[in-house]
Amino acid sequence: MAARPPQHGSLRRAFNVVTDWVMGKKVVGRDAAGNVYYRWYEGSGEERLERREVQWSTAYMFYDPNDIPSEWRMWLRKQRDEPPSEEEMRQNAAKKAALAARVAVLDEAERLRRLRQQTVGMPDQHAGAQPDMARFLQQMGSGGRGAATGPAPGGGGTPGPSSGTPGGGDFKPDTWRPGSSS
Numbered sequence: 001m002a003a004r005p006p007q008h009g010s011l012r013r014a015f016n017v018v019t020d021w022v023m024g025k026k027v028v029g030r031d032a033a034g035n036v037y038y039r040w041y042e043g044s045g046e047e048r049l050e051r052r053e054v055q056w057s058t059a060y061m062f063y064d065p066n067d068i069p070s071e072w073r074m075w076l077r078k079q080r081d082e083p084p085s086e087e088e089m090r091q092n093a094a095k096k097a098a099l100a101a102r103v104a105v106l107d108e109a110e111r112l113r114r115l116r117q118q119t120v121g122m123p124d125q126h127a128g129a130q131p132d133m134a135r136f137l138q139q140m141g142s143g144g145r146g147a148a149t150g151p152a153p154g155g156g157g158t159p160g161p162s163s164g165t166p167g168g169g170d171f172k173p174d175t176w177r178p179g180s181s182s
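Heads up: the sequence shown at position 121 corresponds to 121 in the UniProt record's numbering, and the numbers run straight through without jumps.
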């Protein structure tokens, strides 16, 4: 995708036009930014290859590849066979504008929601609010769901060192070695 600088002199531009004509380059289309898209073929028979190129409308080295519309980008990468039509480009531009309008409405609704939360004084849970540690400790000590105190599940007595381990109280982590029988 070599781009030619538009600031070359008239002799250079004439040479490029002749070279394009000899190579068989054909203009396939233009986009809204003024970029020109070409197609030509190299080789013959089974080895004939299609080549595609864009000639940037901006000055040399001051172009942004993201300025190419996605339809043309897909055509350049041979992800689609035919270049996009003017009607397709208009439809996609209308879809983008409608999507941008919907995003603006959602952004405004989110801004108003956050403003209401700030004026009421409720913490915003989605904007990096810190957890309430006092409430967490109160829930942990209340004996309700998830409490750390109380009898172990399945056992009727008080929790002890042997209640949560398989095999009862015989387990001694300092004395056991892999491969030992006990």
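C-beta: ideal position from N, C-alpha, C; glycine also.
Residue Tyr37 holds the alpha-carbon nearest to the alpha-carbon of Ile68 among Arg116, Tyr37, Lys78 and Pro178.
Within 10 angstroms of the beta-carbon of Pro65 lie fewer than 16 other beta-carbons, which makes it exposed. Counting C-beta pairs closer than 8 Å gives fewer than three between the stretch 104 to 120 and the stretch 72 to 85, which falls short of the contact rule. DSSP, read as helix, strand or coil, puts Trp56 in coil. According to the DSSP assignment, Gly29 belongs to the beta strand (DSSP E) that extends over Lys26 to Arg30. Looking at the backbone, the Cα of Val17 and that of Met23 are separated by about 10 Å.
With fewer than 16 other beta carbons inside 10 angstroms of its own, Trp21 counts as exposed. The beta carbons of Tyr41 and Arg48 sit about 6 Å from each other, so the pair counts as a contact at 8 Å.
With respect to the 8 Å criterion, Arg39 and Glu50 are classified as neighbours on the basis of their beta carbons. The C-beta separation of Glu71 from Glu88 comes to about 6 Å, placing the pair in contact by the 8 Å criterion. If the five residues before and after Pro84 are omitted, its C-beta is found closer than 6 Å to the C-beta atoms of Glu71, all from its own chain and listed in chain order. Under DSSP, Glu42 takes part in a beta bridge, and its partners are Leu49.
When the Cα atoms are used, Val105 and Leu99 turn out to be separated by approximately 10 Å.
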